[in-house]
Amino acid sequence: CRNGAGADGIRVRTSASTAEPGPGRIFDADTSTGWRHWDLEYIPQECRTYNICLRAVANNRNNLRHVPEPLRSGEILKEALTGRGVLHLLALVPQAAWTKELACHVLLHNAPNTRTWNRTVDNACQERIVQVILSFIPKRIRNAAFYLTLLQKQILPIATLQRLTPHGFRTR
35 CRNGAGADGI RVRTSASTAE PGPGRIFDAD TSTGWRHWDL EYIPQECRTY NICLRAVANN
95 RNNLRHVPEP LRSGEILKEA LTGRGVLHLL ALVPQAAWTK ELACHVLLHN APNTRTWNRT
155 VDNACQERIV QVILSFIPKR IRNAAFYLTL LQKQILPIAT LQRLTPHGFR TR
């Protein structure tokens with residue numbers, strides 16, 4: 035990682051000859067011989083920079099488990115938690131990394147949108163998914179303003195929000 039690392043941290047340990055990939059080349063994102071799998075498990079811990087981790091997670095969200103905890107923030111989390119099927123990754127999000135924006139992002143990408151919610155065969159199952167996501171979001175985020183944002187941005191249907199919003203935050 036120190037030998038041959040570019041300013042962006044992408045080129046890691048290159049061989050003496052750049053014409054052919056050598057055994058010392060872990061990956062080089064800018065060439066056709068670059069490492070295609072981006073599996074962080076095989077990159078030495080000391081070489082896992084923010085940019086390398088971001089690109090690895092963008093390639094495969096399951097790489098989040100190999101991102102060093104201090105780097106699990108911002109765009110890396112947003113990239114890993116975009117799209118459906120991320121419940122198994124929520125436990126990897128450090129409590130301090132949660133923001134209102136990240137929480138809304140996760141709910142937006144994992145709950146059915148308000149137009150299709152009622153067409154879903156099992157609304158109770160979808161509501162349970164939302165409850166699981168909410169259980170990972172720290173209490174400091176889940177305040178009245180958060181639930182109001184979910185309503186204003188139409189991230190969840192009104193009926194679901196009425197059932198899931200704590201009584202202390204409800205108004206008539």
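35 is the number of the first residue of the sequence shown in the working numbering; add one for each residue after it. From the three backbone atoms N, C-alpha and C, an ideal C-beta is built for every residue, glycine too.
Item: Own chain, CB closer than 8 Å to T133, minus 5 neighbours either side, in chain order; Value: I175
Item: Where V166 falls, given that 16 or more other Cβ within 10 Å makes a residue buried; Value: exposed
Item: Host alpha helix (DSSP H) of H143 (start-end); Value: K134 to N144
Item: For P172, the nearest candidate out of P102, L136 and T83 (CA to CA); Value: L136
Item: Classification of E161 by the beta-carbon crowding that lies within 10 angstroms, buried from 16 upward; Value: buried
Item: Sequence-distant residues of the same chain with beta carbon closer than 7 Å to G117, five excluded per side; Value: H143
Item: Assigned exposure category for E103 - 16 Cβ within 10 Å defines buried; Value: exposed
Item: Distance CB(A114)-CB(L98) smaller than 8 Å; Value: yes
Item: Cα-Cα separation, Y84 to L105; Value: 6 Å
Item: Closer than 8 Å to chain C by CB, V166; Value: Although the question refers to chain C, the structure presented lacks it and comprises just one protein chain.
Item: Candidates I77, P78, L126 and E109: closest to N96 by CA position; Value: L126
Item: Buried/exposed call for A53, threshold 16 Cβ in 10 Å; Value: Confidence at A53 is low in this model, with a pLDDT of 41, below 50, so its placement is unreliable and the value that follows should be read with caution. Its Cβ having fewer than 16 others within 10 Å, A53 is exposed.
Item: Extent of the continuous alpha helix (DSSP H) to which N93 belongs; Value: Y84 to N93
Item: Alpha helix (DSSP H) segment containing V166, residue limits; Value: N157 to F170
Item: Which of helix, strand or coil DSSP assigns to G202; Value: helix
Item: Where K187 falls: helix, strand or coil (DSSP); Value: coil
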